[in-house]
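Just so we're aligned: the sequence shown equals residues 182 to 547 in the working numbering.
For reference, the structure discussed in these notes is given below.
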Amino acid sequence: MEVQFVDFSEQYRIIKDEIEPGLKKVFETGNFILGKEEKDFESEFAAYCDSKYAVGVNSGTDALYIALAALDIKEGDEVILPPYTFIATALCISYGGAKPVFVDIEPGTYNLDPKKLKQAITPRTKAIIPVHIYGQAANMDEIMAIAKEHKLKVIEDSAQAHGARYKGKRIGSLGDVSCFSFYPTKALGAFGDGGMIVTSDEKIYKNSLMLRDYGREGRYEHKIKGYNSRLDTVQAVVLSAKLKRLDQWNEMRAKMAEVYREELKSVKSIVTPPTLADRTHVYQTYAVRLPNRDKVAEGLKEKKVGVLIHYPIPLHLQEAYKELGHKRGDFPVSELVASEILSLPMFPHITKEQIRYVCDSLKALV
Ligand SMILES: Cc1ncc(COP(=O)(O)O)c(C=O)c1O
182 MEVQFVDFSE
192 QYRIIKDEIE
202 PGLKKVFETG
212 NFILGKEEKD
222 FESEFAAYCD
232 SKYAVGVNSG
242 TDALYIALAA
252 LDIKEGDEVI
262 LPPYTFIATA
272 LCISYGGAKP
282 VFVDIEPGTY
292 NLDPKKLKQA
302 ITPRTKAIIP
312 VHIYGQAANM
322 DEIMAIAKEH
332 KLKVIEDSAQ
342 AHGARYKGKR
352 IGSLGDVSCF
362 SFYPTKALGA
372 FGDGGMIVTS
382 DEKIYKNSLM
392 LRDYGREGRY
402 EHKIKGYNSR
412 LDTVQAVVLS
422 AKLKRLDQWN
432 EMRAKMAEVY
442 REELKSVKSI
452 VTPPTLADRT
462 HVYQTYAVRL
472 PNRDKVAEGL
482 KEKKVGVLIH
492 YPIPLHLQEA
502 YKELGHKRGD
512 FPVSELVASE
522 ILSLPMFPHI
532 TKEQIRYVCD
542 SLKALV
């Protein structure tokens, strides 16, 4: 047997008949940039996130970058984030000249540890970016309370958590602004790059609209120095069809996560994804922890099981951030998790048989 890390061929089969006429219409009308379908999808996605506004952009990275710019975060400012995330969470801070300030993660959820937040706040701190890692929300109540106390903005990095809920509320509706990625392997993935800024704050919305489109208000009236970062209409057609099925596909992921949990519960050395009672986990990524991770990963690849490591090097130890002067030991929880984590195949249409093959292969290796 062979089990790919992700396989979205079944998703394509399901949406094919729906997207083909939609794409044909875009091809025929030539409305490739900010066409009707793109605007419709923005409304659909805002509603899905229980938020007022959504602004389609080129990628999740751009969504974060533009959201920070919309909040006027700039050189001399500090922004707090976990070091255990994809590098885009930090890059968006650096692009605007602000400084990323790391706060370690919780051992239980791999999300930003609110207990360690206060000690990182300085008079220059302007914002916090919690990352809903793997598809489960960070401790938003505690983070929002600290942010309120210190008058900080909260930008959710929701790139991995489309559709997840925290205390019943949708991800995307919790912080001041929330940023999504539609990179093809995400739970809601485009057929190329894409991203979305979601907010209920009119000022952030209006700023984001201008920033993603050359800073213009009219066609050739430019109020600010904006960028060119828009979600393509063709991607919106694909994403709109997938959004209708996202909750169902997320439930399928959750069911398959249960199969993994059952299969692996007898193996003491494997830690399956911790899930909390007050939030849902959408399992964008199914990541387990285990000793001898690198050897096991090699063994699984030999057995034709697709695995990845999200993430082997925490951001404070990345060469790109050497100017921050961090060293090994500065964020021990992130470092420990990075040394043990392994992402196993996960996608809505993975079968029980495939999961059993993955787990049998895994058990033979640990
Ligand atoms: C946590 C996180 N933040 C940001 C991004 C950036 O998104 P994109 O690849 O769409 O630029 C990603 C995805 O790659 C991500 O996983």
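We put the beta carbon where it would ideally sit given N, CA and C, even for glycine.
Keep in mind the model is a prediction, meaning the values are calculated, not measured.
| Relative to ligand 1, is the shortest distance from any of its heavy atoms to the C-beta of G487 smaller than 7 Å? | On the sequence shown, residue 487 is found 306 positions in, with the first residue counted as 1. Not so, every heavy atom of ligand 1 lies at least 7 Å from the Cβ.
| task | Please confirm whether L298 and I324 have their CB atoms less than 8 Å apart. | result | For this step, residue 298 is matched to residue 117 along the sequence shown. For this step, residue 324 is matched to residue 143 along the sequence shown. Yes. Within cutoff.
| Pick from D285, I494, Y276 and A228 that is closest to P263, judged by C-alpha positions | Taking the first residue of the sequence shown as position 1, residue 263 is located at position 82. Among D285, I494, Y276 and A228, the Cα nearest to that of P263 is on D285.
| task | Check the DSSP bridge columns for L523 and list the partner residues they point to. | result | Walking along the sequence shown from the start, residue 523 turns up at place 342. Paired residue(s): V469.
| Among V419, I309, E516 and F226, which one has its Cα closest to the Cα of K332? | On the sequence shown, residue 332 is found 151 positions in, with the first residue counted as 1. Closest by alpha carbon: I309.
| The alpha helix (DSSP H) enclosing D338, as first and last residue numbers | Position 157 of the sequence shown, counted from the start, is the residue given in the question as residue 338. First-last for D338: K334 to D338, but that is the beta strand (DSSP E), not the alpha helix (DSSP H).
| query | Who are the near neighbours of S143 in its chain, counting only those whose CB is closer than 6 Å to its CB and skipping five residues on each side? | reply | An answer regarding residue 143 cannot be provided, because it is not within the stretch 182 to 547 covered by the chain.
| At what residue ranges does the region 328 to 407 contain a whole run of the alpha helix (DSSP H), taking only runs of 4 or more? | 383 to 392
| query | Can you round the beta-carbon distance between A301 and V282 to whole angstroms, since I take them to be within the 8 Å contact cut? | reply | Indexing the sequence shown from 1 puts residue 301 at position 120. Indexing the sequence shown from 1 puts residue 282 at position 101. Confirmed, Cβ separation roughly 5 Å.
| task | Put A301 into one of helix, strand or coil per three-state DSSP. | result | Taking the sequence shown and counting its residues from 1, the one referred to as residue 301 is at position 120. Here A301 sits in helix by DSSP.
| C-alpha distance - A227 paired with I200, whole-angstrom precision | By one-based count along the sequence shown, residue 227 stands at place 46. By one-based count along the sequence shown, residue 200 stands at place 19. C-alpha separation (whole angstroms): 21 Å.
| query | Which residues bound the alpha helix (DSSP H) around K544? | reply | Residue 544 sits at position 363 when you count from the first residue of the sequence shown. K533 to L546 is the span of the alpha helix (DSSP H), which, as asked, contains K544.
| Any alpha helix (DSSP H) of 4 or more consecutive residues that is wholly inside the region 241 to 324 | 241 to 251 and 269 to 276
| Nonlocal neighbours in the same chain, by C-beta distance under 8 Å from S542, ignoring five residues either side | Here residue 542 is taken as the residue at index 361 of the sequence shown, counted from 1. So the list reads G480, L481, K484 and V486, once near-sequence residues are dropped.
| message | Run through the DSSP bridge pairs and tell me what L489 is partnered with. | response | Working through the sequence shown from its first residue, we reach residue 489 at position 308. Answer by DSSP bridge pairing, in chain order: S524.
| message | Within 10 Å of its beta-carbon, does Y401 have 16 or more other beta-carbons around it, so buried, or fewer, so exposed? | response | Numbered from 1 along the sequence shown, position 220 holds the residue referred to as residue 401. Classification for Y401: exposed.
| field | Enclosing alpha helix (DSSP H) for A228 [first to last residue] | value | Mapped onto the sequence shown, residue 228 falls at position 47. K217 to Y229 is the extent of the alpha helix (DSSP H) around A228.
| Which whole-angstrom value describes the C-beta separation of D258 and A279, a residue pair presumed to lie in contact below a C-beta threshold of 8 Å? | Position 77 of the sequence shown, counted from the first residue, corresponds to residue 258. Position 98 of the sequence shown, counted from the first residue, corresponds to residue 279. Confirmed, Cβ separation roughly 4 Å.
| Is Y464 helix, strand or coil when you go by DSSP? | Here residue 464 refers to the residue found at position 283 of the sequence shown. The answer is coil: DSSP assigns Y464 none of H, G, I, E or B.
| query | For H343 versus A368, is the C-beta distance shorter than 8 Å? | reply | What you label residue 343 is simply residue 162 of the sequence shown in a count that begins at 1. What you label residue 368 is simply residue 187 of the sequence shown in a count that begins at 1. Yes, the pair counts as a contact, with Cβ atoms nearer than the cut-off.
| According to the neighbour-count rule (16 or more other Cβ atoms, all chains shown, within 10 Å of its Cβ), is P454 buried or exposed? | Against the sequence shown, residue 454 aligns to sequence position 273. Buried.
| field | Spatial distance of F372 from P513 (CA atoms) | value | Residue 372 sits at position 191 when you count from the first residue of the sequence shown. Residue 513 sits at position 332 when you count from the first residue of the sequence shown. Computed Cα separation, rounded: 37 Å.
| message | Give me, in chain order, the residues of the same chain whose beta-carbon lies closer than 7 Å to that of R537; leave out the 5 immediate sequence neighbours on both sides. | response | Within the sequence shown, the letter at position 356 stands for residue 537. Excluding sequence neighbours, R537 sits near E444.
| query | Since A417 is in the alpha helix (DSSP H), which residue starts that stretch and which ends it? | reply | For this step, residue 417 is matched to residue 236 along the sequence shown. Counting along the chain, the alpha helix (DSSP H) containing A417 begins and ends at T414 to L445.
| When every heavy atom of ligand 1 is checked, does at least one fall within less than 7 Å of the C-beta of G241? | One-based indexing of the sequence shown puts residue 241 at position 60. Answer for G241: yes, Cβ within range of ligand 1.
| said: Using only CA atoms, which one of Y492, R474, Q465 and A545 lies nearest to F189? | reply: Counting from one through the sequence shown, the residue named residue 189 turns up at place 8. Measuring from the Cα of F189, the nearest candidate turns out to be Q465.
| Does the region 497 to 513 come close enough to the region 350 to 357 to have 3 or more Cβ pairs within less than 8 Å? | no
| query | Which residues in the same chain as R615 place their Cβ atom closer than 7 Å to its Cβ, once the five residues preceding and following it in sequence are excluded? | reply | Nothing can be reported for residue 615, as the shown portion of the chain is limited to 182 through 547.
| request: Could you spell out the range, first to last residue, of the beta strand (DSSP E) harbouring Y234? | output: By 1-based counting over the sequence shown, the position of residue 234 is 53. First-last of the beta strand (DSSP E) with Y234: Y234 to V238.
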